[in-house]
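A.B. asks:
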Amino acid sequence: MLASGLRISKATKLYTNRCQLQSRRQFTIAIDGPAASGKSSTARAVAAELGFGYIDSGSIYRCATLLALRQNIAEISKHTDQLLTLIHGSSVNINVRPASSTHMVPGLGRLAVPEVQVLLNGEDVSREIRKPEVNRMVAKVASESKVRDAVLGIQRNLAAGAQSQSIKRQTESTEGLPGGVVMDGRDIGTTIFPNAELKIYLDASAMARAIRRWDEMNNQLKESKQQQQQSAAEATAKNADNAGTLPQQQDEAYPSVEEIARELEARDYADINREHSPLRIASDAVVIDNTNLTFEQQVYTIADLARERMGIQPKHADL
3 MLASGLRISK ATKLYTNRCQ LQSRRQFTIA IDGPAASGKS STARAVAAEL GFGYIDSGSI
63 YRCATLLALR QNIAEISKHT DQLLTLIHGS SVNINVRPAS STHMVPGLGR LAVPEVQVLL
123 NGEDVSREIR KPEVNRMVAK VASESKVRDA VLGIQRNLAA GAQSQSIKRQ TESTEGLPGG
183 VVMDGRDIGT TIFPNAELKI YLDASAMARA IRRWDEMNNQ LKESKQQQQQ SAAEATAKNA
243 DNAGTLPQQQ DEAYPSVEEI ARELEARDYA DINREHSPLR IASDAVVIDN TNLTFEQQVY
303 TIADLARERM GIQPKHADL
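Position one of the sequence shown corresponds to residue 3 (this note's numbering), numbered consecutively onward.
Have a look at this one:
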């Protein structure tokens, strides 16, 4: 009798949640956490699982950092107005393309994760904004309150566009989900979308995060080498006279796992202690430590939490 009562209670809760969402037809998932905790990969996979839009808020700060580096702005606090001019005069677009196949996510597992292309003023900077020099400087850029205010508007506009597209897609969904958006960052649930229907704080040990970041850098280097070799081979094929004189590309100097761990701990300290919109766990957030979780476990857990709050039956209750 007790078990039956629990089933009725849960079913009633699902029905109530669904009724509350029907008038809005939208749902926001905010995923926060420290650097290299797997926020972006997880958020992309959750968005794909639910048919939601996706916004990588961190890429916007990285684009701002790239703008500063290209203009040789080293001391952000002294040249904030110059950086703001660059930001206001630039456009950032995030294109999400469905994964062509299931593939490995470094240190996390195997799952289909949509590819994200970041365009800065029409230029594809998806790889450039992930380079070590950007990693080292982005915290300084993100700590400036005026920069955060400027980025806030960009984030909300991108989210509104992604959510609108999701609502259109979901009209044909057989699962009955509303339209929605998944956004990851460090202050999404506390500042950007404080009223998000689901807030997640994704965490992991510093060493686990360092290994993932190193794997990511190493994979990027391998892909870059393959592209360079292919381009050189194509150039040689077009001009046989140049055979045997292929240019040699110097390897980029990536830091060790230990160095990355120290950088991440310094980034954590800066994010937690900055004056404006510091990294913190929202009071109503669900905390997930993924140090020992598979990628599938964390993605499906978040997706099913969202389904429950939308009044939809979970699909992966056996996890």
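Beta carbons are placed, not taken as given, at the ideal position from N, Cα and C, and that holds for glycine. Given the structure is predicted, the values throughout are model-derived calculations rather than measurements.
When burial is assigned at 16 or more other CB atoms within 10 Å of the CB, is T44 buried or exposed?
C.D. replies: Reading the sequence shown from its first residue, position 42 is the one you call residue 44. By the neighbour-count rule (16 or more Cβ atoms within 10 Å), T44 is buried.
A.B. asks: Return the first residue and the last residue of the beta strand (DSSP E) that Q130 is part of.
C.D. replies: Position 128 of the sequence shown, counted from the first residue, corresponds to residue 130. Contrary to the premise, residue 130 reads as Glu rather than Gln in this sequence. First-last for E130: undefined, no H or E at that position.
A.B. asks: Whole angstroms is fine: what's the gap from A38's alpha carbon to Q228's?
C.D. replies: Translated into positions along the sequence shown, residue 38 becomes position 36. Translated into positions along the sequence shown, residue 228 becomes position 226. Their backbone Cα atoms lie some 25 Å apart in a straight line.
A.B. asks: Pull up the distance between the alpha-carbon of Q250 and that of Q231, whole angstroms please.
C.D. replies: Here residue 250 is taken as the residue at index 248 of the sequence shown, counted from 1. Here residue 231 is taken as the residue at index 229 of the sequence shown, counted from 1. Residue placement at Q250 cannot be trusted, given a pLDDT of 46 that sits under 50; the coordinates are not used to answer.
A.B. asks: Taking just the CA atoms, how far does I262 sit from H318?
C.D. replies: Numbered from 1 along the sequence shown, position 316 holds the residue referred to as residue 318. Numbered from 1 along the sequence shown, position 260 holds the residue referred to as residue 262. For H318 and I262, the distance between alpha carbons rounds to 34 Å.
A.B. asks: Taking 7 Å as the limit between beta carbons, can you name the residues of its chain near L122, skipping five residues before and five after?
C.D. replies: If you number the sequence shown from 1, residue 122 lands on position 120. Within the same chain, L122 has close Cβ partners C65, L68, S92 and V94.
A.B. asks: So within the segment 53-101, which uninterrupted beta strand (DSSP E) runs reach at least 3 residues, ignoring any that extend past its ends?
C.D. replies: If we require 3 residues or more, the beta strand (DSSP E) runs fully inside the segment 53-101 come out as 55-58 and 94-99.
A.B. asks: Tell me the rounded alpha-carbon separation between R282 and D189.
C.D. replies: Residue 282 sits at position 280 when you count from the first residue of the sequence shown. Residue 189 sits at position 187 when you count from the first residue of the sequence shown. Taking the straight line from one Cα to the other gives about 7 Å.
A.B. asks: Measure the C-alpha to C-alpha separation of E225 and H278 and round it to an integer number of angstroms.
C.D. replies: Against the sequence shown, residue 225 aligns to sequence position 223. Against the sequence shown, residue 278 aligns to sequence position 276. Each residue's alpha carbon lies about 37 Å from the other.
A.B. asks: So, are the CB atoms of I57 and L160 less than 8 Å apart?
C.D. replies: Along the sequence shown, read from residue 1 onward, the residue named residue 57 stands at position 55. Along the sequence shown, read from residue 1 onward, the residue named residue 160 stands at position 158. For I57 and L160, yes; Cβs fall inside 8 Å.
A.B. asks: Measure the Cβ-Cβ separation of V143 and A70 and say whether it is below 8 Å.
C.D. replies: Working through the sequence shown from its first residue, we reach residue 143 at position 141. Working through the sequence shown from its first residue, we reach residue 70 at position 68. The answer is yes: Cβ separation under 8 Å.
A.B. asks: Does the contact criterion of 3 or more C-beta pairs under 8 Å hold for the segment 285-304 versus the segment 193-209?
C.D. replies: Cβ pair count under 8 Å is three or more, so yes.
A.B. asks: Leaving out the 5 sequence neighbours to the left and right, which residues in its chain are closer than 6 Å to S147 when beta-carbon positions are compared?
C.D. replies: Here residue 147 refers to the residue found at position 145 of the sequence shown. Counting only Cβ-Cβ distances below 6 Å, and skipping sequence neighbours, we find H278.
A.B. asks: Between the beta-carbon of A305 and the beta-carbon of V48, is there less than 8 Å?
C.D. replies: Start at 1 with the first residue of the sequence shown, and residue 305 comes out as number 303. Start at 1 with the first residue of the sequence shown, and residue 48 comes out as number 46. Yes, the Cβ-Cβ distance between A305 and V48 is below 8 Å.
A.B. asks: Can you list, in chain order, the residues of its chain whose CB lies under 6 Å from that of R9, leaving out five sequence neighbours each side?
C.D. replies: Your numbering for residue 9 matches position 7 in the sequence shown. Annotation note: pLDDT 41 at R9 (below 50); position unreliable, no value reported.
A.B. asks: Using DSSP bridges, identify the partner residues of V183.
C.D. replies: Position 181 of the sequence shown, counted from the first residue, corresponds to residue 183. Answer is T30 and G55, bridged to V183.
A.B. asks: Excluding the five sequence neighbours on either side, which residues of its own chain have a C-beta within less than 6 Å of the C-beta of I194, listed in chain order?
C.D. replies: Taking the sequence shown and counting its residues from 1, the one referred to as residue 194 is at position 192. Q157.
A.B. asks: Nearest-angstrom Cα distance between P36 and M312?
C.D. replies: Stepping through the sequence shown from its first residue, residue 36 is reached at position 34. Stepping through the sequence shown from its first residue, residue 312 is reached at position 310. P36 and M312: Cα-Cα distance of roughly 27 Å.
A.B. asks: For S61 and I96, which I take to be in contact (beta-carbon distance under 8 Å), what is that distance rounded to the nearest angstrom?
C.D. replies: Taking the sequence shown and counting its residues from 1, the one referred to as residue 61 is at position 59. Taking the sequence shown and counting its residues from 1, the one referred to as residue 96 is at position 94. Yes, they are in contact, since the Cβ atoms of S61 and I96 sit about 7 Å apart, within 8 Å.
A.B. asks: Comparing C-alpha positions only, which one of E267, G163, Q315 and D205 sits nearest to F54?
C.D. replies: Within the sequence shown, numbered from 1, the residue matching residue 54 stands at position 52. Ranking E267, G163, Q315 and D205 by Cα distance to F54 puts G163 first.
A.B. asks: Got a sec, what are the start and stop residues for the beta strand (DSSP E) Q119 sits in?
C.D. replies: Translated into positions along the sequence shown, residue 119 becomes position 117. First-last of the beta strand (DSSP E) with Q119: E117 to L122.
A.B. asks: For Y203, write down the residues that DSSP places opposite it in a beta bridge.
C.D. replies: To locate residue 203, count along the sequence shown from 1; it is residue 201. DSSP lists D34 and V289 as partners of Y203.
A.B. asks: Could you pull out every residue in the same chain whose Cβ sits closer than 7 Å to the Cβ of I78, ignoring the five residues on either side in sequence?
C.D. replies: Along the sequence shown, read from residue 1 onward, the residue named residue 78 stands at position 76. Contacts found: A70, L85, K142, V143 and E146.
A.B. asks: R72: buried (16+ other C-beta within 10 angstroms of its C-beta) or exposed?
C.D. replies: As a position in the sequence shown, residue 72 is number 70, starting the count at 1. Label assigned to R72: exposed.
A.B. asks: Which residue from N74, N292 and K133 puts its Cα closest to that of S207?
C.D. replies: Position 205 of the sequence shown holds residue 207. Answer by Cα proximity: N292.
A.B. asks: Return yes when the Cβ of R129 is within less than 8 Å of the Cβ of E265, no when it is not.
C.D. replies: Taking the sequence shown and counting its residues from 1, one reaches residue 265 at position 263. Taking the sequence shown and counting its residues from 1, one reaches residue 129 at position 127. No.
A.B. asks: Does the distance from the C-beta atom of R99 to that of E125 stay below 8 Å?
C.D. replies: Here the question's residue 99 lines up with position 97 in the sequence shown. Here the question's residue 125 lines up with position 123 in the sequence shown. Against a cut-off of 8 Å, the Cβ pair of E125 and R99 comes out as no contact.
A.B. asks: Mind reading off the beta-carbon distance from A308 to L52? Whole number of angstroms is fine, and I expect it under 8 Å.
C.D. replies: Taking the sequence shown and counting its residues from 1, the one referred to as residue 308 is at position 306. Taking the sequence shown and counting its residues from 1, the one referred to as residue 52 is at position 50. Right, their Cβ atoms sit about 6 Å apart.
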